[in-house]
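Trainee: Pasting in a structure now, in structure tokens, and then I'll have a few things to ask.
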Amino acid sequence: MQVPFLDLAAAHKGVRNDILAAWARLVDAGRFVGGEEVDAFEREFAAQCGARHCVAVGSGTDALRFILLGMGIMPGDDVVTTPMTFIATAEAITQAGARPVFVDVHPVTRNMNPEHLEAAITPRTRCILPVHLYGQPADMRGILDVAERRGIPVVEDAAQAHLARFEGRMAGTIGHAGAFSFYPGKNLGACGEAGAVVTDDRELAATVRALRDHGQMKKHLHVVEGYNGRCDAMQAAALRVKLPGLAGANARRAEYAALYSALLAGVPGLQVPEVLPDRESAWHLYCVLVEQRGAVAEALRREGIGTAVHYPVPLHLLAPYAFLDHMRGDFPVAEHVADHALSLPLYPELGEERVRHVATVLRRVMTKG
Ligand SMILES: Cc1ncc(COP(=O)(O)O)c(C=O)c1O
Numbered sequence: 206m207q208v209p210f211l212d213l214a215a216a217h218k219g220v221r222n223d224i225l226a227a228w229a230r231l232v233d234a235g236r237f238v239g240g241e242e243v244d245a246f247e248r249e250f251a252a253q254c255g256a257r258h259c260v261a262v263g264s265g266t267d268a269l270r271f272i273l274l275g276m277g278i279m280p281g282d283d284v285v286t287t288p289m290t291f292i293a294t295a296e297a298i299t300q301a302g303a304r305p306v307f308v309d310v311h312p313v314t315r316n317m318n319p320e321h322l323e324a325a326i327t328p329r330t331r332c333i334l335p336v337h338l339y340g341q342p343a344d345m346r347g348i349l350d351v352a353e354r355r356g357i358p359v360v361e362d363a364a365q366a367h368l369a370r371f372e373g374r375m376a377g378t379i380g381h382a383g384a385f386s387f388y389p390g391k392n393l394g395a396c397g398e399a400g401a402v403v404t405d406d407r408e409l410a411a412t413v414r415a416l417r418d419h420g421q422m423k424k425h426l427h428v429v430e431g432y433n434g435r436c437d438a439m440q441a442a443a444l445r446v447k448l449p450g451l452a453g454a455n456a457r458r459a460e461y462a463a464l465y466s467a468l469l470a471g472v473p474g475l476q477v478p479e480v481l482p483d484r485e486s487a488w489h490l491y492c493v494l495v496e497q498r499g500a501v502a503e504a505l506r507r508e509g510i511g512t513a514v515h516y517p518v519p520l521h522l523l524a525p526y527a528f529l530d531h532m533r534g535d536f537p538v539a540e541h542v543a544d545h546a547l548s549l550p551l552y553p554e555l556g557e558e559r560v561r562h563v564a565t566v567l568r569r570v571m572t573k574g
């Protein structure tokens, strides 16, 4: 049985005709940038998240960058984040002119560990940027405790956490602003690149709107120098078709994740992911920690099972961040995750039979040693 790591063709079977019909309307109308589809998607996504404002942008990276720039982050500032994330989180920080400051992650959630947060804060710290990795929200209570005491705003990287919740509150709406990615493989994926900012701060939303459109508040009124970072109408239309199915798709992910965890319990040399009781994961990824990752991945590949690694090198050890002068050992939990993480196939179309098959093969591979 072949089990690809991701199957975007399967994901689009049910929505294909509606997306093509929406695109045909746009082509016939000649509307490609901005317009009613983008406005409507912003309203609908804001409503889903329970946020006052949503601004659709070109990507999740744009969303992060525009939030930071919109909050006035600039050279000389520090932004605290985690080294166990996709590089885009740190790119947004440096591209806003600031310096990323890393804190290690929690061994269970693999998200920013608030215990280390206080020590990372200096008078230069202008923002705390937790990442809801794999779809599980970071410990927002612990992070907000520190942030509020020190008077520092929190921005959430919710790129992997559409509709996830912490203590009942929606990821992306707990801090000052949240950034989402709609990269095709995400829980809510566009048919190309897109992202969004959600926030209750009207002024920040207005600034992000200007930043995404060359700094224009309206045609030819450039109040700042901005970017070409708009979400196009074709992506907004595809996202509107898919949005109503997001909660149901997340529920199927959660079901398959629970089944994996039940089937993989007690396998020697393997640690299943755990979601703490005060939060609901969006289950973007099902990421186990395994000994001998390379050999295990190869054995699965030989049996037709695709896997991936999120992420093999923590950011503090990547070449672009050598200027921060970190070394191996600085963030031991993140390094342990980077050395052992293995993501198994997880998507709404996966089906119980394939989950059982992957778990059976993985158990066999691990038990053989
Ligand atoms: C944690 C995280 N942050 C930011 C991004 C950037 O999003 P995008 O690829 O849409 O720019 C991604 C996804 O790629 C991500 O996984």
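Each residue of the sequence shown is one higher than the one before, starting from 206 at the first, in my numbering.
Cβ atoms here follow ideal geometry from the backbone N, Cα and C, with glycine treated the same way.
1) If VAL351 sits next to GLU323, beta carbons under 8 Å apart, how far is it from one beta carbon to the other, in whole angstroms?
2) Is DSSP giving LYS423 helix, strand or coil here?
3) Cβ atoms of PRO550 and ILE510: under 8 Å apart, would you say?
4) Kindly list the residues whose CB is nearer than 6 Å to the CB of ILE357, restricted to its own chain and excluding five residues on each side of it in sequence; keep chain order.
5) Which residues does DSSP list as the beta-bridge partners of MET317?
6) Consider the C-beta atom of GLU241 and the heavy atoms of ligand 1; say whether any pair is separated by less than 7 Å.
7) What does DSSP give as the partner residue(s) for TYR491 in the beta ladder?
8) Would you report the Cα separation of LEU547 and HIS489, rounded to the nearest angstrom?
9) Quick check for students: name the residue ranges of the alpha helix (DSSP H) that lie wholly in the segment 349 to 436, counting only runs of 4 or more.
10) Which residues bound the beta strand (DSSP E) around ILE333?
11) How long is the line joining the alpha carbons of VAL542 and ALA411, rounded to whole angstroms?
12) Can you give me the C-alpha to C-alpha distance between ALA502 and ALA229, rounded to a whole angstrom?
13) Can you give the Cα-Cα distance for LEU368 and VAL514, rounded to whole angstroms?
14) In terms of alpha-carbon separation, which member of GLU242, ASP544, LEU505, VAL560 lies closest to ARG569?
15) Looking at the secondary structure, which residues open and close the alpha helix (DSSP H) in which THR299 lies?
16) The beta strand (DSSP E) spanning HIS258 covers which residue range?
Mentor: Judging by the given coordinates:
1) The pair is a contact, with the Cβ atoms about 6 Å apart (cut-off 8 Å).
2) For LYS423, the secondary structure class from DSSP, reduced to helix, strand or coil, is strand.
3) Cβ distance < 8 Å, so ILE510 and PRO550 count as in contact.
4) Excluding positions up to five away in sequence, the list reads THR330, ILE333.
5) BP columns for MET317 point to VAL310.
6) Set against 7 Å, the gap from the CB of GLU241 to the closest heavy atom of ligand 1 is not smaller.
7) In the DSSP assignment, TYR491 is bridged to LEU549.
8) Each residue's alpha carbon lies about 13 Å from the other.
9) You should have 407 to 417.
10) First-last of the beta strand (DSSP E) with ILE333: 330 to 333.
11) Their Cα atoms are separated by approximately 38 Å.
12) If you take the alpha carbons of ALA502 and ALA229, they lie about 42 Å apart.
13) Their Cα atoms are separated by approximately 23 Å.
14) When each option's Cα is compared against that of ARG569, the closest is LEU505.
15) It spans 293 to 300 - the alpha helix (DSSP H) in which THR299 sits, taken as one unbroken run.
16) Element bounds for HIS258: 258 to 262.
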